[in-house]
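Residue numbers (this note's numbering), protein chains in the order written: chain A, 7 to 251; chain B, 58 to 487; chain C, 2 to 76.
Glycine included, each C-beta is placed from N, C-alpha and C at the ideal position.
The structure under discussion appears below in the form of structure tokens.
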Amino acid sequence: MARYAMVIDLDRCVGCRACMEACKVENNTPEAAFWMYVFRLEEGEFPNTKLSFLPRPCMHCDNPPCVKVCPVGARYKRVDGLVATDWDRCIGCRFCEVSCPYGVNYFNWKSPKMNYYLEWGDPTVQQATNGAIPPYKNPDLDRAYGPEQRRIAGSGHLKGIIEKCTFCAHRVEVGLDPACVVNCPAFALIFGDLDDPESEVSRLIREKRTWRLLEEHGTEPRVYYVGGAPPSTEAHQIEAVKARV
Amino acid sequence: MATRLESKTLPYGVGHLTVAWYVVTAFLLAILALGLYAYSRQLGEGEIVTGMRDIGTMGGAPWGIYIAFVVYFVGVSFAGITIAGMVRLLNLEHLRPIARMAELLTVITLVLGAFSILADVGQPLRALINLPRYARPMSPFFGTFTLVIAGYLFASLVYLYLAGRRDAAIMARQDTRFGWLYRLWAAGYTDTPEERERHRRTTFWLALGILPLLLTAHSTLGFVFGLQAGRPGWFSALQAPAFVVLAGVSGTGLMIVIAAILRRALGATRELSIGVFRWLSNFLMVLTAAYLYFMVVEWLVSVYAAPSAEARVAAAVFRGDYAWIYWLSAVALVASFVILFVQYAARNHNLALAVIAGLLVNLAAIGKRYEIVIPSQTHGTLLPYGEGLYRPSWVEYSVILGLIALGVLLYMLFMKVFPIIEAPESGEVA
Amino acid sequence: MQTRTVVALAVLTAGVALGLVSYFFLAAPLGRPTDESFSNPRVPFAAALFIGGIVLVFASAVCYELIGVRREDGA
Chain A
7 MARYAMVIDL DRCVGCRACM EACKVENNTP EAAFWMYVFR LEEGEFPNTK LSFLPRPCMH
67 CDNPPCVKVC PVGARYKRVD GLVATDWDRC IGCRFCEVSC PYGVNYFNWK SPKMNYYLEW
127 GDPTVQQATN GAIPPYKNPD LDRAYGPEQR RIAGSGHLKG IIEKCTFCAH RVEVGLDPAC
187 VVNCPAFALI FGDLDDPESE VSRLIREKRT WRLLEEHGTE PRVYYVGGAP PSTEAHQIEA
247 VKARV
Chain B
58 MATRLESKTL PYGVGHLTVA WYVVTAFLLA ILALGLYAYS RQLGEGEIVT GMRDIGTMGG
118 APWGIYIAFV VYFVGVSFAG ITIAGMVRLL NLEHLRPIAR MAELLTVITL VLGAFSILAD
178 VGQPLRALIN LPRYARPMSP FFGTFTLVIA GYLFASLVYL YLAGRRDAAI MARQDTRFGW
238 LYRLWAAGYT DTPEERERHR RTTFWLALGI LPLLLTAHST LGFVFGLQAG RPGWFSALQA
298 PAFVVLAGVS GTGLMIVIAA ILRRALGATR ELSIGVFRWL SNFLMVLTAA YLYFMVVEWL
358 VSVYAAPSAE ARVAAAVFRG DYAWIYWLSA VALVASFVIL FVQYAARNHN LALAVIAGLL
418 VNLAAIGKRY EIVIPSQTHG TLLPYGEGLY RPSWVEYSVI LGLIALGVLL YMLFMKVFPI
478 IEAPESGEVA
Chain C
2 MQTRTVVALA VLTAGVALGL VSYFFLAAPL GRPTDESFSN PRVPFAAALF IGGIVLVFAS
62 AVCYELIGVR REDGA
């Protein structure tokens, strides 16, 4: 059985946020939901400032607080390490969201149909796009996955439930890497099987110095960072995020 | 309307519908209607109509006043059954007149707590089915759902039912529209010494059984917050006991207010004597002192050596965006304690002052619940997301007001069907 | 008097047993979640059974008070 993990090479990341775009397109996430997010951080006072970039997917922790607190078991840990959300069972209590130290959960505050960037039914939009079909949603996102056969992939299913990064479970199922990994122009994101000693993630973890975010909280994340350093308490985002539903 | 219902021989205003009652009921129904309308908007459009948003990149708080009021309502329910239980367990006979109004407060506020949870979840129908079907003991919500909403509510209903049989039997002998209800409730109660003795024994053990359930239930509610290591400001061993104590404070305070209102409305100066208020005031004084102790300890620990994220939350609470709520609540609690202590020391209990203290502690409890729930979400992110903002919307205020109106309505309706104060031991209608 | 006590105690014991069994053996297992089994109840509606156990515990009080009561209306 595979044991998936991700390694993020901060020496390669340039903060372009292509991974954020790729994730959004692949998973059909609604407005202001960033399953993959890249911090653009600044430390110090001008002119002695330091820039750093920190991609933050879901950590798919081995001791996941979100799984522990889910009252109905909609959020669960798969044997292959992915922490998945069954969108058929979720009751939308948002307990996982408040318990996550990393802030990776997104709740559908409104119906996802009403929450995309373009009003696809609008006649002017239809004209501009030459009547292109409404946002293409990969039908794979509606299927059941894993030996447990539960529906855990993609976003935009219904309002009133929580969704988060799935390590692209629907892609992993057929042997592909997550969308963010495949689209990174600097090859800063690496995904693979820890049980395979020859996989790149195993090699990197073995050969390089790695660290994990908020390790001291005992969550045992499956996302390892190479290079860079954990954000200091002085680090702040260069620009405040303006995306709010 | 001269019907059988208006018989003035029925005790404590049962069946006696005055103009004032109709006016108040109409007003409450209007507020309830507003709450229902607001909730319908939420069901239709989603929780986007509230002020809640995601933690992190959205800089919001996914848990808002719905959850704060869940905690408040369940907290108030604590005192009701505790007081009723203490009457039995400690033989506080002079408090017996408030036992039923306390039990009713528990039952109604638990129902309001359950409705607040349903108002908060994104998929309420799913919650109703999936919680009984899939609920996991490892989740702190399991305790809230099973012990508090289901177990505790049922136990309190049983208590209310059994304690009311004698009055039901008395009412069944009167000529009223609800004879069928009273006979069903009384279930053949005969006021013989053996039956009274058996009833005494049953309610004693029932009270003894409810108290540990109560403590566990309130502690699990505290654990909902106290076990979240990822939420600075919440993660603390103090949460569980502090929740239990503040629950006692708010509930006892509300009991004083309710008893004072009923004393005036029903003219029950004999049953609801100053002695009753003296006991409640002293009990409230001790609980308030205990909670103030918790607040001082919490403050000291935060300002002495808090890690950076906790320090950020503490700064927001003590000096920043939430300072006004925190300090107003603290001042209200201290003022209330001073009022109660002076009365205790001078052995001179004034009803009006007791009511003021009761109101103050409830306002403080609401403020404190808000201050526990919100700041750790907007200002307590462990990754450098920046500050957040939460402002409740009209939908949230309306739903909460609607729920409070529903509670008052249910209370008033009960009082018109069943005597809110137990008939005296002699068995004669007052 | 005997019937009443026996029935009440039986209902109480059944309630405690049902509560304990459903909490520890029928609902989702406790412990660090390493796979899907920690997020599913072992028996469906185990939580409802747990609530049923608590209900039985307090229903025993009703049993004790009501059993063997001579109904006034002869029902």
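Can you tell me whether residue i is buried or exposed? The criterion is at least 16 other CB atoms within 10 Å of its CB, across all chains shown.
i	result
Asp128(A)	exposed
Gly332(B)	exposed
Tyr191(B)	buried
Tyr112(A)	buried
Gln3(C)	exposed
Thr14(C)	exposed
Asn33(A)	buried
Met7(A)	exposed
Tyr79(B)	exposed
Gly305(B)	buried
Val388(B)	exposed
Val58(C)	buried
Tyr108(A)	buried
Under 7 Å between the Cβ atoms of residue i and residue j?
i	j	result
Trp93(A)	Ile167(A)	yes
Val131(B)	Gly92(B)	no
Tyr129(B)	Arg426(B)	yes
Phe300(B)	Leu408(B)	no
Leu458(B)	Ile88(B)	yes
Tyr447(B)	Gly108(B)	yes
Asp201(A)	Arg9(A)	yes
Ala366(B)	His223(A)	no
Val44(A)	Arg23(A)	yes
Arg46(A)	Ile196(A)	no
Val452(B)	Arg98(B)	yes
Val232(A)	Leu210(A)	yes
Ser386(B)	Ala421(B)	yes
What does the alpha-carbon distance come out to for the pair residue i and residue j?
i	j	result
Tyr350(B)	Ala150(A)	53 Å
Arg228(A)	Met12(A)	6 Å
Pro53(A)	Gly181(A)	47 Å
Gly234(A)	Ala134(A)	44 Å
Leu149(B)	Tyr239(B)	27 Å
Tyr69(B)	Val395(B)	34 Å
Asn121(A)	Ile138(B)	46 Å
Leu60(A)	Ala371(B)	27 Å
Arg369(B)	Ala159(A)	36 Å
Ile186(B)	Ser173(B)	17 Å
Met195(B)	Gly179(B)	22 Å
Lys170(A)	Lys143(A)	17 Å
Ser475(B)	Trp115(A)	The sequence given here places Phe at residue 475(B); Ser does not occur at that position. Approximately 43 Å, taken between the alpha carbons.
Ile477(B)	Leu319(B)	9 Å
Lys119(A)	Asp378(B)	35 Å
Ala175(A)	Asp36(C)	16 Å
Met143(B)	Ala264(B)	8 Å
Val418(B)	Arg33(C)	40 Å
Thr435(B)	Trp336(B)	41 Å
Asp257(A)	Arg157(A)	This structure does not reach residue 257(A), given that chain A is present from 7 up to 251, and the question cannot be answered.
If I'm right that residue i touches residue j with Cβ under 8 Å, what's the distance once you round it to whole angstroms?
i	j	result
Ser134(B)	Thr166(B)	4 Å
Trp397(B)	Val78(A)	Residue identity check: residue 397(B) is Leu in the sequence provided, not Trp. Actually they do not touch by this definition, with Cβ atoms about 43 Å apart.
Thr225(A)	Pro71(A)	6 Å
Ser489(B)	Gln400(B)	Only positions 58 to 487 of chain B appear in this structure, which leaves residue 489(B) out of reach.
Arg53(B)	Ser433(B)	For residue 53(B) there is no data in the structure shown, the boundaries of chain B being 58 and 487.
Ile313(B)	Leu162(B)	With 8 Å as the limit, Ile313(B) and Leu162(B) do not qualify as a contact, their Cβ atoms being about 11 Å apart.
Leu19(C)	Gly53(C)	6 Å
Gly103(B)	Arg250(A)	That belief does not hold up - the Cβ atoms of Gly103(B) and Arg250(A) are roughly 15 Å apart, past 8 Å.
Thr36(A)	Gly162(A)	The sequence as given places Pro at residue 36(A); Thr does not occur at that position. Contact holds; Cβ gap of about 6 Å.
Leu204(B)	Thr273(B)	6 Å
Ser23(C)	Ala47(C)	5 Å
Cys67(A)	Val89(A)	7 Å
Val75(A)	Pro197(B)	7 Å
Return the bridge partner residues of residue i from the DSSP annotation.
i	result
Tyr112(A)	Glu169(A)
Gln243(A)	Leu47(A)
Arg62(A)	Tyr43(A)
Tyr216(B)	DSSP output for Tyr216(B) lists no bridge partner at all.
Thr216(A)	Val232(A)
Leu252(A)	Residue 252(A) is absent from the model: chain A starts at 7 and stops at 251.
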